[in-house]
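Worksheet for the structure shown next.
In my numbering, the protein residues as written are 43 to 600.
Structure follows, in structure tokens:
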């Protein structure tokens, strides 16, 4: 697949991830202590730790002992254990290898830097998968008008939107497993959509097995995407003619063994903690009380807005909320909703395919002939499921974490771009401005980390000095990287594929290259037959005076 149109978005993700890596102090996020301990125990001892295992005190990472002493003095003893051990081990195996390699080659702090870079690498993979997924979903639905932007421009803009999403940028700069979950979720959707649209190929079964094993061992939020991937692959197999299907051999049944490693892990969680995610165990461990019932949360506009704000622009501490950041993220939501309304209205009113006079298609035939609609339905189901799961966890006593729904960010970005692109010129301008708004929020997030005295936390009787991996040069380095990312974003929006300025430049070049295009509407060059605007199901030809040629005149001319 040609990814040249996606490299600016991938570079944006890398620049912003490294900027957050440089400015966020080590173990400033409350979960980073447990994540680093999990990765270290997994690599050094070759086993998945337990939730109640204490964090080793001899890890030698800068800032860890200070943070653990503070947790102890505050009476938060549960935070001194590896309480993230309910997660699957794949991201931690990679992070643990990076910790050991960095500490061995670079020295103190080098392991933390490499481990955080693995989160950035996961985000870059997810941005690529988002661009490819959006390009597939941008195909026109059967019988509807084709969009002004092609699949590649829509994919590039959706990837750019995800690359500058502040929450993802922040998660790409810390030792968490959220960017790994986002990347694997998007890759699973990509394989399912690709197979549903183009049919299965020789590589479909090996990729299906690989993503099933890797996705099931990454994060629990990937499991719904794995299930939808299987359904979409089965749908693509069903709608493909038997002669075009790849030949299955008996030995290929061995690919089914890929489900065993993730199944063993999740069954082990049930045996040890009573449920696959160990949510009940963790809520009791931290003495969480029940919140409002799920039915009440579903009807609360405030809760939905808070979930949206935290999904788009939230720090891993969650202490900085509201203000201009919330206003800007809600402006993105408003733009998406307006674009959805305009895009759906134009989609409904758009030209339809001529009705078949020979026979009516059965429901099975219509399902087979509309793979794009099926893929969109599957993606919407995933986003709805993740949102409901986040609300259900909050109702049970957990925090309302927007990053629990970050796996659906690729679908959200693709939907916003596709619908705004279908909403006319104003919608396409809004789609171009959405990444710029998110970049501004990203800058606010970086400023919050720098100016909120996060490097030195003072509490009664204790001081914590949490160092930055880049030392005192961290804020300056983050500022330089942010300015580079801003310049790259502006260049992408002005000259990149599918943007409004780029489309205007291309149209001007075509007009200058072809003199016939300079003629005003309704006028034609002598002896030239022009093709008029496409009306509902027919093409109108114009004569030399720019007037429609009737059927009688056409027959007389012949």
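Heads up, the beta-carbon is just placed ideally off N, CA and C, and yes, glycines get one too.
- Looking at the DSSP output, residue 123 bridges to 96.
- For residue 129, the three-state secondary structure derived from DSSP is coil.
- Across the structure, residue 355 and residue 284 are spaced so that their CA atoms are roughly 47 Å apart.
- Shown here, residue 404 sits in coil according to DSSP, grouped into three states, outside any helix or strand.
- In this structure, 103 is the residue among 103, 300, 138, 464 with its C-alpha nearest to the C-alpha of residue 67.
- For residue 248, the number of other beta carbons within 10 angstroms of its own is below 16, and it is reported as exposed.
- With contacts defined by Cβ atoms closer than 9 Å, residue 488 and residue 61 form a contacting pair.
- In the three-state reduction of the DSSP assignment, residue 235 falls in the helix class, which pools H, G and I.
- For residue 108, the uninterrupted alpha helix (DSSP H) run begins and ends at 106 to 115, by DSSP.
- Around the beta carbon of residue 458, 16 or more other beta carbons sit within 10 angstroms, so the residue counts as buried.
- For residue 416, the uninterrupted alpha helix (DSSP H) segment begins and ends at 413 to 437.
- Every alpha helix (DSSP H) of 4 residues or more that sits fully in the region 188 to 249 is shown, in chain order, as 193 to 205, 208 to 213, 220 to 240.
- A Cβ-Cβ separation of about 18 Å leaves residue 204 out of contact with residue 532 under the 8 Å criterion.
- Cβ atoms of residue 108 and residue 507 come within 8 Å of each other, at about 6 Å.
- For residue 413 against residue 239, the beta-carbon gap comes to about 5 Å, under 8 Å, which counts as contact.
- Of all C-beta pairs linking the region 248 to 266 to the region 297 to 304, three or more are shorter than 8 Å, placing the two stretches in contact.
- Close CB contacts of residue 447 within its chain, under the 6 Å cut and outside five residues either way in sequence, are with 353, 428, 429, 432 (chain order).
- Membership of residue 272 in the alpha helix (DSSP H) is indicated by the continuous run 265 to 281.
- The count of Cβ pairs closer than 8 Å, one atom from the region 272 to 292 and one from the region 224 to 242, reaches three, so the stretches are in contact.
- Taking 9 Å as the cut-off, the beta carbon of residue 55 is found closer than this to the beta carbon of residue 165.
- Rounded to the nearest angstrom, the gap between the Cα atoms of residue 208 and residue 453 is 17 Å.
- Counting only residues of its own chain and dropping the five nearest sequence neighbours on each side, residue 213 has a CB closer than 6 Å to the CB of 220, 221.
- Take residue 436, set aside five residues on each side of it, and the residues of its chain with a beta-carbon closer than 7 Å to its own are 333, 339, 442, in chain order.
- Between residue 70 and residue 106, the alpha-carbon positions lie close to 10 Å from each other.
- Taking the CA atoms as reference points, residue 252 sits about 43 Å from residue 514.
- At a Cβ-Cβ threshold of 9 Å, residue 518 and residue 57 do not count as neighbours.
- Counting along the chain, residue 77 sits inside the alpha helix (DSSP H) bounded by residues 74 to 87.
- When secondary structure is reduced to three states using DSSP, residue 69 falls in the coil class, being assigned neither helix nor strand.
- For residue 174, the closest of 120, 122, 135, 231 by C-alpha to C-alpha distance is 231.
- Its chain contains 91, 124, 126, 127, 134 as the residues whose beta carbon lies nearer than 7 Å to that of residue 80, once the 5 sequence neighbours on both sides are disregarded; these appear in chain order.
- Here the alpha carbons of residue 96 and residue 149 stand approximately 25 Å from one another.
- With distances taken between CA atoms, residue 168 lies nearest to 223 out of 199, 223, 143.
- A straight-line Cα-Cα distance of about 40 Å links residue 415 and residue 323.
- Judged by DSSP in its simplified three-state form, residue 328 adopts coil rather than helix or strand.
- DSSP places residue 317 outside both helix and strand once states are collapsed to three, so it counts as coil.
- Membership of residue 536 in the alpha helix (DSSP H) is indicated by the continuous run 516 to 537.
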